[in-house]
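Engineer: Each residue of the sequence shown is one higher than the last, beginning at -2 in this note's numbering.
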Amino acid sequence: MYKVLFAEDELLVRLGLQNSISWEKYDMELAAQADNGVEAYELFCSIRPQLVITDIRMDGMDGYELIRKIREIDQDCAIIIITCINDFEALRNMMGYHISGYILKASMTMEEIAGILENVHDYLKRICPEGKRDKKATAEEILVEYLIDGQEPAWENITWNDGVPLHPEEVRKLFLFRLKKEDRGKINELGYKFIYDVVERNLVKSILIKLSEESFCVLCSLQEKADNNLKKIRQSINSYLGVSFQIAGFDRGKAVDGESLYESYCRLLKAEKRELPAKTDDREEMIEKAKSFMEEHYKEALSLESISGIIGISPCYFSHIFKNETGKNYVEFLNDIRIKHVLDELENSGDKILVIAERNGFRNLEYFSRFFKRKMGISPAAWRKSRWENEE
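Here is the structure:
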């Protein structure tokens, strides 16, 4: 089924659409919901939905910024905008972002919504056969885990770029691309999308696995004539992005048939005098570093990219391991830090609630109030009043 991400800060609107739409009718499932743009973008990177339904006005990151960032890494995902009648000025700025439909909150009907979803379903069937993109994302996640942990993956869930099932014995060529030192930090998600496209065009029986912001690995089948195509890939990247990669690799020939792909990967890194990125033993240290960074900078507008960049891995992979290690996504964890400081100031300071919220990283009072009540069970004003009364 096609995955749907729903970003809307009004709870009643979210619940209304969630419960009134028969998602299965359109081969869709409501995979995730967010009440702010920052969390929505993190969820997008994590689950890679085929449809995003988003409001324009949200806290942290508005719908316009969310759509812009989505389009930097995904040109095909369908996007539906939920909007108020006075948002049309903002909508005019989105004409170039391939929006699949607009829903007016004040006048939306189920017939109108059904028509838009039918059009989106037809579009997704044309450009994205059911499950194909989901399998591609899953394959990369599985292989990242394998190359880092060495745990044997579910090979039946992995296909080559052309959709043909991958069998581990077919993987014979393994290449590690690493940005030259002077070019590190110069590639964004849009740049990596270009790299994915270049690799797919030149190496059909291959899989690209992004390991960090400065390196990726390419697996190739026995049939691939990789040598000449690698030169084309390097030239295209250098010409279009203006950066250069160092490439190391070898052919896992008959002499190492008994060697696992993981062992080959480790051998390649050792030959290059590199350490494995994000080994299981290192994850705790990475997560602690991210936590410390959030503790020190919680007052700032922290993004998924800024935090993952501190520890040198991709945003999607950071989101994955952070949730696994802590049980929370980074937005929840960051807001818990902020709330802790807010509670201290509410009890010990006479400043206005809005001032305290803004000082501790909450830029929108409405969003802060909703989050506070969800967390503490009562409003900020009621909580402060109860604490002050207890001290009298």
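All residues carry an ideal CB built from backbone N, CA and C; glycine is no exception.
If you're wondering where the values come from, they're calculated on a predicted model, not measured in any experiment.
Roughly how many angstroms lie between the CA atoms of Ile206 and Ile284, to the nearest whole one?
Structural biologist: Cα-Cα distance, rounded: 21 Å.
Engineer: What residue range is occupied by the uninterrupted alpha helix (DSSP H) comprising Arg335?
Structural biologist: Per DSSP, Arg335 belongs to the alpha helix (DSSP H) from 327 to 345.
Engineer: When you compare only the Cα positions, how much space is there between Glu69 and Ala287?
Structural biologist: Whole-angstrom Cα-Cα distance: 25 Å.
Engineer: In three-state terms, what does DSSP make of Glu26?
Structural biologist: It is a strand residue.
Engineer: Identify whether Tyr99 lies in helix, strand or coil by the three-state DSSP scheme.
Structural biologist: The answer is strand: DSSP assigns Tyr99 an E or B state.
Engineer: I'd like to check one pair, Asp6 with Met55: are the Cβ atoms closer than 8 Å?
Structural biologist: Yes, these two residues count as a Cβ contact at 8 Å.
Engineer: Rounded to a whole number of angstroms, what is the C-alpha to C-alpha distance between Gln30 and Asn361?
Structural biologist: Their Cα atoms are separated by approximately 19 Å.
Engineer: CB-CB under 7 Å to Ile230, same chain, minus the five flanking residues each way: which ones, in chain order?
Structural biologist: Within the same chain, Ile230 has close Cβ partners Val195, Val196, Asn199.
Engineer: Within the same chain, show all residues whose beta-carbon is closer than 7 Å to that of Leu63, passing over the 5 residues directly before and after it, in chain order.
Structural biologist: So the qualifying residues of the chain are Ala4, Gly34, Ala37, Tyr38, Thr51.
Engineer: Quick check on DSSP: helix, strand or coil for Asp73?
Structural biologist: Correct three-state label for Asp73: coil.
Engineer: Provide the residue span of the beta strand (DSSP E) that contains Ile206, from first to last.
Structural biologist: Residues 203 to 209.
Engineer: Beta carbon of Ile244, beta carbon of Leu227: below 8 Å?
Structural biologist: Going by C-beta atoms, Ile244 is nearer than 8 Å to Leu227.
Engineer: Between the alpha carbons of Glu109 and Arg123, how many angstroms are there, rounded?
Structural biologist: Those two C-alpha atoms are separated by around 22 Å.
Engineer: Who are the Cβ neighbours of Pro377 in its own chain at under 7 Å, not counting the five residues just before and after it?
Structural biologist: Around Pro377: Leu343, Ile350, Ser366, Phe369.
Engineer: Grab me the residues of Leu331's own chain with a C-beta within less than 8 Å of its C-beta, minus the 5 sequence neighbours each way, in chain order.
Structural biologist: Contacts found: Met291, Tyr295, Leu299, Gly358.
Engineer: Starting from the N-terminal side, write out each stretch of the beta strand (DSSP E) that is 3 residues or longer and does not extend beyond the stretch 162 to 188.
Structural biologist: Listed in chain order, the complete beta strand (DSSP E) runs (minimum 3 residues) inside the stretch 162 to 188 are 168 to 176.
Engineer: What are the boundary residues of the alpha helix (DSSP H) that includes Tyr120?
Structural biologist: Element bounds for Tyr120: 107 to 124.
Engineer: Which same chain residues end up closer than 6 Å to Tyr94 when comparing Cβ atoms and leaving out the 5 residues on each side of it in sequence?
Structural biologist: So the list reads Ile64, Arg68, once near-sequence residues are dropped.
Engineer: Run the CB neighbour count on Ala103, radius 10 Å, all protein chains shown included, and call it buried at 16 or more, exposed below.
Structural biologist: Looking at its Cβ environment, which holds fewer than 16 other Cβ atoms inside 10 Å, Ala103 is exposed.
Engineer: Round the Cβ separation of Leu216 and Leu171 to the nearest angstrom and send it over; I've been treating them as touching at under 8 Å.
Structural biologist: Right, their Cβ atoms sit about 6 Å apart.
Engineer: Looking only at its chain, what residues have a beta carbon closer than 7 Å to the beta carbon of Ile234, apart from the 5 residues adjacent to it on each side?
Structural biologist: If we look at Ile234 and ignore the five residues flanking it on each side, its Cβ neighbours are Ile192, Val195, Val240, Phe242.
Engineer: Given a cut-off of 8 Å on the beta-carbon distance, is the pair Leu163 and Ser212 in contact?
Structural biologist: It is not a contact, given that the beta carbons lie outside the stated cut-off.
Engineer: Please determine, among Gly60, Ser97, Met91, the residue with the shortest C-alpha to C-alpha distance to Ile390.
Structural biologist: With the chain running from -2 to 389 in the structure shown, residue 390 is simply not present.
Engineer: Span of the alpha helix (DSSP H) holding Ile304?
Structural biologist: Unbroken alpha helix (DSSP H) run through Ile304: 301 to 308.
Engineer: Under a Cβ-count criterion, where at least 16 other Cβ atoms within 10 Å of its own Cβ denotes burial, should Ala379 be classed as buried or exposed?
Structural biologist: Flag for Ala379 reads exposed.
Engineer: Let's test the definition: count the other Cβ atoms within 10 Å of the Cβ of Gly324 and tell me whether it reaches 16, buried, or not, exposed.
Structural biologist: Its Cβ having fewer than 16 others within 10 Å, Gly324 is exposed.
Engineer: Where does the unbroken alpha helix (DSSP H) through Tyr364 begin, and where does it stop?
Structural biologist: Segment 362 to 373, the alpha helix (DSSP H) holding Tyr364.
Engineer: Would you mind reading off the limits of the alpha helix (DSSP H) that contains Ala354?
Structural biologist: Here the alpha helix (DSSP H) through Ala354 covers 350 to 356.
Engineer: Among all the DSSP beta bridges, which residues are the ones paired with Ser218?
Structural biologist: In DSSP, Ser218 forms a bridge with Val168.
Engineer: Quick check on Val10: does DSSP put it in helix, strand or coil?
Structural biologist: Looking at Val10 - three-state DSSP - the assignment turns out to be helix.
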